[in-house]
């Protein structure tokens with residue numbers, strides 16, 4: 065192999081290696097960006113609504129359509145003010161807040 069062909073192959077190998085490394089770095093960054101967006105969506109998704117359905121308190125996911133749990137807590141056991149708010153819905157950021165409210169109203 066003459067000197068020119070050797071240099072050409074070496075330069076081509078360096079260019080290909082640079083392209084492959086750059087491509088991998090770019091896909092890693094995109095993957096991390098997608099993961100962070102997915103994690104943000106998961107964080108946004110936590111949250112619960114309490115609403116009155118047929119006289120009982122029902123727990124919904126953040127979308128207000130998916131039922132998480134139907135309770136046996138009658139709306140009549142709440143104060144008038146809480147009943148009025150419950151007609152529109154109570155929102156809780158976390159499951160812990162939700163459980164505290166339910167615990168306080170079941171005893």
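In my numbering, the protein residues as written are 65 to 171.
Beta carbons: idealized from backbone N, C-alpha and C, even for Gly.
Assign residue 163 to one of two classes, buried (16 or more other C-beta atoms within 10 Å of its C-beta) or exposed (fewer than that). Sequence index remark: in the chain shown, residue 163 carries index 99 (1-based). Its Cβ having fewer than 16 others within 10 Å, residue 163 is exposed.
Which term fits residue 123, buried or exposed, when burial requires 16 or more other beta carbons within 10 angstroms of its beta carbon? For the purposes of this step, residue 123 is taken as the residue at position 59 of the chain shown. Buried, because 16 or more other Cβ atoms sit within 10 Å of the Cβ of residue 123.
Which whole-angstrom value describes the C-beta separation of residue 137 and residue 158, a residue pair presumed to lie in contact below a C-beta threshold of 8 Å? Taking the chain shown and counting its residues from 1, one reaches residue 137 at position 73. Taking the chain shown and counting its residues from 1, one reaches residue 158 at position 94. Wrong, their Cβ atoms sit about 19 Å apart, outside the cutoff.
I need the straight-line Cα distance from residue 147 to residue 139, nearest angstrom please. The residue labelled residue 147 in the question sits at position 83 within the chain shown. The residue labelled residue 139 in the question sits at position 75 within the chain shown. Distance between residue 147 and residue 139, taken at the CA atoms: about 6 Å.
Can you list, in chain order, the residues of its chain with a C-beta nearer than 6 Å to that of residue 127? Leave out the 5 residues immediately preceding and following it. For the purposes of this step, residue 127 is taken as residue 63 along the chain shown, with counting starting at 1. Hits under 6 Å: none found.
Three-state secondary structure assigned by DSSP to residue 114: If you number the chain shown from 1, residue 114 lands on position 50. Correct three-state label for residue 114: strand.
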